[in-house]
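The structure appears right after this line, and notes come after that.
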DNA sequence: AGTATTTCTTGATAAATATCAAGTAGTTCT
DNA sequence: AGAACTACTTGATATTTATCAAGAAATACT
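Chains as they are written, first to last, in my numbering: chain F, 1 to 168; chain Z, 1001 to 1168.
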């Protein structure tokens, strides 16, 4: 029942799936490839998330509350996606207890992960955050441009470049 | 039905409600006062959240998944709280669709708020973050020690002190 | 009210990171 | 393969923020 609601879609490298300013009416499950979520701040694109296979991504506020959206969702590489529309999501929530349960687990886990990331920013240095990311997700550095990773870590590409060079 | 599950409890200033290392089995609704959530990092207490009246607070990961908990939850001031136990929460989720719906909204809203905060850390300066907080929550600066606010913003108390002085 | 304790401010200095600029390497496209 | 573009690195310098230390102010305690 859940599976039926998902539609398989491919995205080209660079393709924009959700435009900033519009409403986000879909959530994405990434079967393969990388998506990023970014927004313009002081004239610079700041990347908030990079997701790869196995992740769910959406602009949650817009998706749930139908508010207009500040985030752009873009494919960094070619992607195979499973797409779930907003209406189908809410239908599933009502009709399918398993989906409801899953949604709460997904939200809770996502929140806890983001909390950890926030916490890291409150007390650790750029170097520490970089080391941790390289350790947890070395593939990322091979697969996506450094500038996006820099942005994700809240530093400039130059800084990453230097930190990487003077690594212990 | 929902209301019956909440138990009214008072907390003294400084009282620890949830200890780091143990499981968090309760969620709190703050009727009055301030709670903070913090954890030790490199020998320093880093405050991740400060909540005041109208907020829900818990150590979500531990509360939902019964994992052991890294956060300490402490009353910064005297507090009037409404407490909901883990078992009651899950009972409500099953029996009371309204609570389920509310929980999803609460989680989504919390996630979106945290996303905004994370985003601010990725692109804005300490001064910008401070100005925003002073604008959105001026009461905070009157009610809780500066050191906690500093930690929340990811800077030292000295920096806040100086920024505040040289404000435009 | 007066002492003890905690919190806040200020100064001097150091460390981390950003910015700007230029060059090198890598990729994409035809 | 070669041109055009994008991504990465390095250097010089500036800015931001942290650290350490000491004193001032505020608050709590009896």
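We treat Cβ as the ideally placed atom computed from N, Cα and C, and that holds for glycine. For clarity, every value in this text was computed on a predicted model and none was experimentally measured.
Using beta-carbon distances, residue 29 (chain F) does not count as an interface residue toward chain Z, since no partner is under 9 Å.
Counting C-beta pairs closer than 8 Å gives three or more between the segment 1062-1078 of chain Z and the segment 1032-1052 of chain Z, which meets the contact rule. Among the residues facing chain Z, residue 136 (chain F) is not included, as its CB has no counterpart in that chain under 9 Å away.
The DSSP assignment places complete alpha helix (DSSP H) segments of no fewer than 4 residues inside the segment 1054-1128 of chain Z at 1060-1065, 1086-1095, 1097-1123, in order along the chain. Under the criterion of beta carbons closer than 8 Å, residue 1048 (chain Z) and residue 118 (chain F) qualify as touching, at roughly 7 Å.
Residue 1151 (chain Z) carries a helical assignment under DSSP once its states are collapsed to helix, strand and coil. Closest by C-alpha distance to residue 1003 (chain Z), out of Z:1068, Z:1029, Z:1010, Z:1142, is Z:1029.
The Cβ of residue 1149 (chain Z) sits no closer than 9 Å to any Cβ of chain F. Residue 159 (chain F) carries a helical assignment under DSSP once its states are collapsed to helix, strand and coil. With a 10 Å radius around the Cβ and a threshold of 16 neighbouring Cβ atoms, residue 1167 (chain Z) comes out exposed. Per DSSP, residue 45 (chain F) is one residue of the beta strand (DSSP E) stretching across 44-51.
With respect to chain F, the C-beta atom of residue 1103 (chain Z) has a partner C-beta closer than 9 Å. The count of Cβ pairs closer than 8 Å, one atom from the segment 1005-1013 of chain Z and one from the segment 154-161 of chain F, stays below three, leaving the stretches out of contact. In the DSSP assignment, residue 1139 (chain Z) falls outside any beta strand (DSSP E) and lies within the alpha helix (DSSP H) extending over 1138-1143.
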